[in-house]
Amino acid sequence: MGWLWITKGGFWFVVDLLLCRCGFHYGGGGGGGDGGFTVVVVEFLEAQEPTKVNLEPPPIQQAQHWRPPDAYIFKANFDVAVFKSEKLAGLGVVIRDWRGEAISALTMSVLLAQTVVELEALACRRAVQFAKEIGLTQVIFEGDSSIVIQAVQAGSSDILPYGHVIDDILALTLDLQFSSFTHVPCICNVVADALAKKAKTSRGTQVWLEELPEDIASLAGFDVH
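Shown next, in the form of structure tokens:
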């Protein structure tokens, strides 16, 4: 019986040559060759390999925030708030430039509609109207109602109870040089949401140009990334 000492990864292993059954002889020759021995030793050493554990931390999910548009394009965010006890709703619109600076904002109260989706459509239409009123021609419109955004993107409104509002939105965008409609999560729409809620204490319509209400300005500064 013979033994073979092998070092691997800082450890020493001993292999019983008789268990290899490969006809290996020291000094070469012997007729059996060393191919089988090599296979056995390799398999033995591979069996000693420690299990690899992935120590890399999971990827960090990037926080979502409002993102400024490309240069010389403006972004209008819109949202609604419902005040059931007053049977009213608030519409909020904020328009910012590519530097993240607010150039205009709007809050207005309207009669409570049948559904929140219908109110979101009204807010979207008001955002387009507002952008045109202040002379903008290249605007991205963002809202957190996927139903309304998809309806505008599809350009089909026949089966919708608020289809006439979608038609108005599409007609209003015809003479804009550039416009697009994008769905965003609520976390990217916090300023428009705050403006919509402000309509509860400020009935009618209020407009701010090149500024925001003091209680919302700090929120807008935090929101820009």
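The sequence shown maps to residues -22 to -1, 1 to 203 in mature numbering (1 follows the signal peptide of the UniProt record, and there is no 0).
Note that the Cβ used here is the ideal one computed from N, Cα and C, for glycine as well.
| request: Would you kindly work out how many angstroms separate the C-alpha atoms of L100 and D122, rounded to a whole number? | output: 13 Å
| task | Would you please state the rounded distance, in angstroms, between the beta carbons of G96 and V162? I believe it to be under 8 Å. | result | Looking at the sequence shown, residue 96 is not Gly but Glu. Not quite, the Cβ-Cβ distance comes to about 20 Å (not below 8 Å), so this is no contact.
| Proximal residues to I112 (C-beta, below 8 Å), its chain only, five neighbours per side dropped | I73, I81, S82, L187
| Burial state of residue 209, where buried means 16 or more other Cβ atoms lie within 10 Å | Nothing about residue 209 can be reported from this structure: the residues present for the chain run from -22 to 203 only.
| On the premise that L66 lies in contact with V94, defined as a C-beta separation below 8 Å, what is that separation, rounded to the nearest angstrom? | 13 Å between Cβ atoms; not a contact.
| said: Assuming E96 is part of the beta strand (DSSP E), what are its boundary residues? | reply: Looking at the DSSP string, E96 is not in any beta strand (DSSP E); the run it does join, the alpha helix (DSSP H), is 94 to 111.
| task | In the DSSP assignment, find the alpha helix (DSSP H) that holds D171 and state where it starts and stops. | result | 168 to 176
| So K68 packs on A177, CB below 8 Å; how close in whole Å? | Per the sequence presented here, residue 68 reads as Gly, with Lys not at that position. The Cβ separation is near 3 Å, so the contact holds.
| field | Nearest residue (CA-CA) to D171, options C102, Y50, Q107 | value | C102
| Under three-state DSSP, which class holds I147? | helix
| Rounded distance between the beta-carbons of L173 and V60, thought under 8 Å | That pair is no contact at about 14 Å.
| task | Output the distance between the C-alpha atoms of V106 and I51, rounded to the nearest integer angstrom. | result | 14 Å
| message | Nearest by alpha-carbon distance to C164: which of A132, S124, V130, Q92 is it? | response | S124
| Terminal residues of the alpha helix (DSSP H) in which V71 lies | Unbroken run through V71 is the beta strand (DSSP E), 66 to 74; no alpha helix (DSSP H).
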